[in-house]
Every structure is written in C-alpha cells, then in structure tokens.
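Chains as they are written, first to last, in this note's numbering: chain A, 11 to 197; chain B, 11 to 197; chain C, 11 to 197; chain D, 11 to 197.
We treat Cβ as the ideally placed atom computed from N, Cα and C, and that holds for glycine.
Have a look at the structure below, then the notes.
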DNA sequence: TATGAATGAGCATTCATTCAT
DNA sequence: AATGAATGAATGCTCATTCAT
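What follows is the structure, encoded as structure tokens:
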C-alpha cells in the first residue's frame, strides 16, 4: 500500500495536472504550480528535469484518469455495441466534470506544433490506446458495417474525437448526442 | 490602383497569420511578428489595440483562405454528395499545404481555455459557417441517411473535425481517408 | 466676445488641465488627452511643441482658475484680516471642488525634480503671486504681529502651503481648520 | 558576522531609495534601478512583488533615515522649545544633504493621486509619527500658545510641511528661516 | 490648420532554469 | 530530498514625438 498521495512529487503532478488542463500548458507557469502545490521551485526541478517532463507526467495521468472512469462505466457491460455507446456517454460525463476542456493530448499538440519527441510519443500512445479500444469492441460485433474492422473502428474514433473537440469549442454536450445519432445511422 | 498588399497593416496581419498558425498563438511573441514583418512595435499597436485583436484578424483571414480554397475546389461541381467529398479532399490539400497545423479555430480554443468574447465569437462564427455548408449540401441530397438533414449534416461535420484534429496529431493524411471511408458507409 | 471655447486648442488645454490635475502629469499620456479631447495627435503638436509646453499652459490655467475663484470669494470684503481668512476658506472650497488634488505648482515640481526652465518659471511665478497677495493684505493691517510685513506674510504663506499639502495627503479639510486656528494664535 | 549591507536586496532598496527620491517615482524605471544596483531584473521581482512594494520599502527607509538624523540632532537637548527648533534645523540640513527633494511621503502622493492602499498607509503612518513628535514636545511646554496642545502642535506641523515644500519649490533654505521666525511670533 | 500613420526607446512584469546550501 | 536566492531572456504594451499629406 502506497501513501505517496501527500508526497512532494505527488503534490506537484496533481497540481500541474489540474492547472495544465484548466488553463493550458503554455499559460500555466512554473511559479503558479509550485505556489499552489506548496513546494519550492528547486523541488520541482529535482523531480522533473524540465517543464516538458512534467508535461509527460501530466499526459500519463490524464490517460489513467480517463481509463479508470471508462472502466467503471463499462462495469458489467458485455455487449460491444453497448460498450461503444457507453464510451461516448463516459466522455460526456468526463467533459462535464472537467469544464469542457477537451482532450489533453489533442490540446497539447495544438499548443506546441513543434512538439518534442517525448511529448509526441506520450500523446500518440494515449490516442492509440483509445483507437485500440474501439478496434477491440468492433471485432466482437456480429455484423460489421462496411465489412472492415479497422474502417469501422476508425469511423467511430473520428466521431469520438470530433465530438470531443466540438464539445470543447461549443462548451456544450450536444456534439456527443450528434455522435450517438451518427452511430445509430452507422450501425 | 491600390498597393495595400505591402502596407504596414497587411505586413503585420500576414506575418501574424503565418506565425500564429505555424507556431501557435501563445508561443508567438509580438517581437517576432514585428521583426519578421519589418515594422515598428508601436505600428502594430496602432493598427491592433492588443494581441487579442490581432488574433481575431488572424482567425478571419484563416477562414477567408479556406473559403477561397474550397470555392476553387468545388468549381463546376453540382452533385451534393460529390461536393461533400470534395470538401474533405480540399481539407486534405489544405493540411498538406499548411504543415498539418489543423483547424485554427479549434487550436485557438485549445490554447486559451478562458477565451475572450471576441475570439470566441469569431471562432464559433467560422465553425458555424462550415456546419452550414454541410447542411446546405445535405438538403440537396435525394435520399438522406437517417432521414434528418441536421443529424446527417452533423455526422459529416463530426467526421470533418475529427479527421482534421487526427491529421494534426498524427501528421499524416490517413484520417481524411478514414473519414471518406466512413462517409461511404453512411451514404 | 470670444467663442474659442470649442476650438481645438481650447479642447486640448481644458482636457489636459483636467487630466494632469486629476491623474498627475507623468501618469497622463498624450494619447489619453487627444482621445478625450477628440482631436488628432498631430493637432496637439501643432499647438504645443511638446508635452512640456502643454504643461506650462496647464499651470497658467490653474492659476487663472484659482484667481477667479478667490476674486469672487473676496468680493465686497475690505478688512485685510478677513480677506486673509477668506483666502483660506476659498482654498478649502477649491480643494473640495477638485478632489483634494493639492497645489498644481507644488505637484508638478514634486513630479519633475529636474524641472525644465519653462515649467520652473511658471510655477515660481504663480507661487510668488500668492505670496504677494499675503504681503499686500498684511501691509494693510493696523498691527502687524512680529513687526515685519514680510515675516508675517511669509508665516501665513507657510501655513497656506502646509495646509494645502496636508489636505492633499489626508484627503480631508481639517488642515485648513488647523491653519485658521494657527492664524488666530498669530493675530 | 552579517554582511547584509551588500546583499542583493539591500542593493536594490538603497538604489531605489536614491533614485526615487532624486528623480521621482514615476520617472525612475525598474531598468535604471537594476542597472545601477548591479542585479538581475528577476532578482528585484523575487524580493519585491511589484514596483509598488519597492516604493513602500523606500518610504519606510526614508523615515528611518530622517529619524536617525533627528535623533542625532536632538542628542542631549531637553528643552521642548529648543527641540522643536532643532527639528526645523535638522530638516534644513536634511534638505541640503538631499538636493532639496522635499518630503518623500508628500511627493509620492503628489505623483500618484490614485495612490494604492499600501503606499497611502505607509505615507500617512510616517506623517503621523512626525505630528506625534510635535504633540509630545508641545505637551512638555510650560506655557502653550492658544492653550490647546493639539492646535499648537498642528500649527507647528503646518509650518514644518509648508517650509519643506517651499524649500523644494524654491530650492533654497529661506522657507525654514521663515518658519523659525513664525515660531518666534507664536511662542 | 488639421490629420492618419509610423516610429525607437522604454515600460513593468514573467518566463523556465540553475546554483549553492 | 529539499530549498531560498539568483538570473538572462522574453513577455505584451505605452511613451512622446515626427512625418507626409
């Protein structure tokens, strides 16, 4: 059993996670992070060689948070079609819980066009995990629209990302509804 | 005879447009803009009261650029289904021409979660124009999948935005292909 | 009869007068003046070669305003002692009317320690006129405390300036009352 | 052994003190301060959150300087009347030593009509300490002109401030002489 | 007279990072 | 493992002034 929750490192990551996601990476300064985390600046640089490394930790954490939430949503549900729909409903709740701040990986890339290798790797990794989820579920379907697992999974994945960014832009959940309607047309 | 193309104001806007889109809004400083534009700092602030106002001009300009490109792509094409597909192909070329920098409106919102009223208004306006394009084309269709103009247009719009952000994330055009395949399943 | 009140020059001076006195000379920019005056920047520089020249015009105007107010206050009063007291009461009203902004000449010197010759000359001139007023009144007195016209006039002048700056500092009129009490002790 | 006199913080405050008093607060830029202090800009902002906070430190320091000088002047003198006169003589020397730059509290208020709470508080505090000095001395007098401790102390305080600002305006010490003459009339 | 446009120098402040302890 | 202090470079923005028309 780990009690790292109150450690300096944990304080830094959780604060950075909150601020990066709420305010954006570039608009969140190191000073604000250490102030709100209640740690010294040099402590931050002891645990994270640079702001960029802190960003990687933030992206990892965001994925873990999403995965935990999704897992809970899918609990006891076996029907693949239902699981896909649940995933969209989960995103709806996630965005509602997080002030419509969108997808952290997409956003970090939107903020840093010349993204570093580290950040790029982490962001792509997280997105691929999401794509894989849809592929896994589509594989379980008895009838696959379009007859291609990948094509159908990718279609769902596009709707998923499209809905996520539109929710962020419009600050409302209707794009998720639109995506669910699109799914009905597709299925 | 107007030679406005080389005016100070035009120099500022075109330089800002290029840099904001390539590097991101927050990572592009006023100093770099005036340096590359070859104008004095006070000249920039004479024409644009703040960086934010310059951002609005940039968003307007991006839409105009996209519209001009799309109009050219659609020249002579009347079939609505074909026009929708052409729109995706146009986006493909747009992203290729612009180093996979994605959608300027989505990005500006990703960069500035606490976006100002001015910027929000311009971004939403531009996105709604795009949605309207799809609605107009869907209306012209003989058979509408799902039997609802708005639902089908919104589905296309989700694929369009989803493909745009995925192209940006992966720095490749395959998401556009995925969107076109999804369209085929839908139609 | 002159109707210059609406002329460009008059607009500039009256606006500068108001803003310099309310906000301070250094904290009032040319831009704010021309904006609130509703004139072009070059128009200001046509009438006043520099901000400094505008400052001189401001100091002149302040003195004229004070003199007009004082003249009205003294109307029909001949007793020198009473006239001196009235002068303090006039200052009280002046400060109340002008948001306790103190003496414009003292303030301009406080703001610009390395004051220019022009401004210095105008400020000293205005202050000397005030000193002369006290000298003139003291001369009319039957009995002069201290037996020296200049010494007694200077004492009053010190109380006058002391009260003015203290009213400004404390933003209340009690220093004027203190000065009047001091006068009673002196007389 | 403490060598705080040469610390970065001390360098900043002493330089700011000198420049604010000589040139005025608004005419002294942060750049000049750090340059003459020989420290980095960020070091200044590490010790003082804003220029305003540096101003408060400056005002405190000015009072300490004045108090030290006055204390030395009053050494061994017990007669209250003599102590009051010495206080004026001390001011004379203070102004001579400091290029007739007047009273820092009065000047800062003259420069910043919309003064901040912090600065206002410090300025008023310092002025009240001076007033209290006069009250304390007047209380010790055997015979109090006007029969009111406060009224007489306030009269002296007005002469003190009046003389200070007039010395600043005229750049000469005669107003102090005038004040001493006024004191003689009063006593 | 009057003006829109342009400018170089300067403003206060914040950035991510490093170093000595 | 943790910190207080220090920094060079950059941030967005404003200054008084000038010039061509």
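Residue i: contacting residues in chain A (beta-carbon distance under 9 Å)
| i | result |
| --- | --- |
| residue 178/B | 116, 119, 120 and 123 |
Short CB-CB distance (under 7 Å) between residue i and chain C
| i | result |
| --- | --- |
| residue 40/D | no |
| residue 132/D | no |
Alpha-carbon spacing of residue i relative to residue j, whole angstroms
| i | j | result |
| --- | --- | --- |
| residue 133/A | residue 32/B | 19 Å |
| residue 123/C | residue 37/D | 9 Å |
| residue 190/D | residue 117/D | 23 Å |
| residue 17/A | residue 58/A | 14 Å |
| residue 100/A | residue 79/A | 7 Å |
| residue 150/C | residue 160/C | 12 Å |
| residue 102/D | residue 175/C | 19 Å |
| residue 181/B | residue 119/A | 11 Å |
| residue 26/C | residue 115/C | 15 Å |
| residue 170/A | residue 71/A | 20 Å |
| residue 146/A | residue 42/B | 47 Å |
| residue 19/B | residue 55/B | 10 Å |
| residue 93/C | residue 155/D | 24 Å |
| residue 65/A | residue 162/A | 32 Å |
| residue 73/A | residue 35/A | 16 Å |
| residue 52/B | residue 106/A | 43 Å |
| residue 152/C | residue 98/C | 21 Å |
| residue 142/B | residue 143/A | 32 Å |
| residue 104/B | residue 84/B | 14 Å |
| residue 178/D | residue 87/C | 33 Å |
| residue 184/B | residue 62/B | 34 Å |
| residue 96/C | residue 69/C | 23 Å |
| residue 28/B | residue 113/D | 54 Å |
| residue 76/B | residue 128/A | 32 Å |
| residue 195/D | residue 164/D | 15 Å |
| residue 192/D | residue 48/A | 60 Å |
| residue 168/A | residue 60/A | 33 Å |
| residue 23/A | residue 135/A | 20 Å |
Interface partners of residue i on chain D, CB under 7 Å
| i | result |
| --- | --- |
| residue 175/C | 116, 171 and 175 |
Residue-level contact to chain B via CB, residue i, 7 Å cutoff
| i | result |
| --- | --- |
| residue 189/A | yes |
Any chain D beta carbon closer than 7 Å to residue i
| i | result |
| --- | --- |
| residue 129/C | no |
| residue 95/C | no |
Within chain D, the residues that residue i reaches when beta carbons sit closer than 9 Å
| i | result |
| --- | --- |
| residue 140/C | Simply none; closest approach about 11 Å. |
Chain A contact for residue i (CB, 7 Å cutoff)
| i | result |
| --- | --- |
| residue 36/B | yes |
| residue 21/B | no |
Contact set between residue i and chain B, taken where Cβ atoms lie within less than 9 Å
| i | result |
| --- | --- |
| residue 137/A | 176, 179 and 180 |
Within chain B, the residues that residue i reaches when beta carbons sit closer than 8 Å
| i | result |
| --- | --- |
| residue 196/A | 192, 195 and 196 |
Within chain A, partners of residue i - CB distance below 8 Å
| i | result |
| --- | --- |
| residue 32/B | 123 |
Residue i: CB within 6 Å of a non-hydrogen atom of the ligand ATP
| i | result |
| --- | --- |
| residue 45/B | The ligand ATP is not part of this structure, which contains no ligands at all. |
What are the complete alpha helix (DSSP H) segments, minimum 4 residues, inside the region 82-111 of chain A?
For the region 82-111 of chain A, whole alpha helix (DSSP H) runs of length 4 or above, ordered along the chain, are 90-107.
Using a beta-carbon distance cut-off of less than 9 Å, what residues from the region 143-167 of chain A approach chain B?
Contact residues of the region 143-167 of chain A toward chain B are 155, 156, 158, 160, 161, 162, 164, 165, 166 and 167 (C-beta to C-beta distance below 9 Å).
Taking a Cβ distance cut-off of 9 Å, strictly less, list which residues of the region 87-111 of chain B are near chain A, in chain order.
So the close ones are 109, 110 and 111.
For the region 47-78 of chain A, which residues have a CB atom closer than 9 Å to at least one CB atom of chain B, in sequence order?
Residues of the region 47-78 of chain A that bring their beta carbon within less than 9 Å of a beta carbon in chain B are absent altogether.
At which residue ranges does the region 29-58 of chain D contain complete alpha helix (DSSP H) runs of 4 or more residues, listed in the order of the chain?
Here the runs fully enclosed are 40-47 and 51-57.
List in chain order: all unbroken alpha helix (DSSP H) runs of 4+ residues lying wholly within the region 122-153 of chain A.
Those alpha helix (DSSP H) runs which fall completely within the region 122-153 of chain A and span 4+ residues are 127-150.
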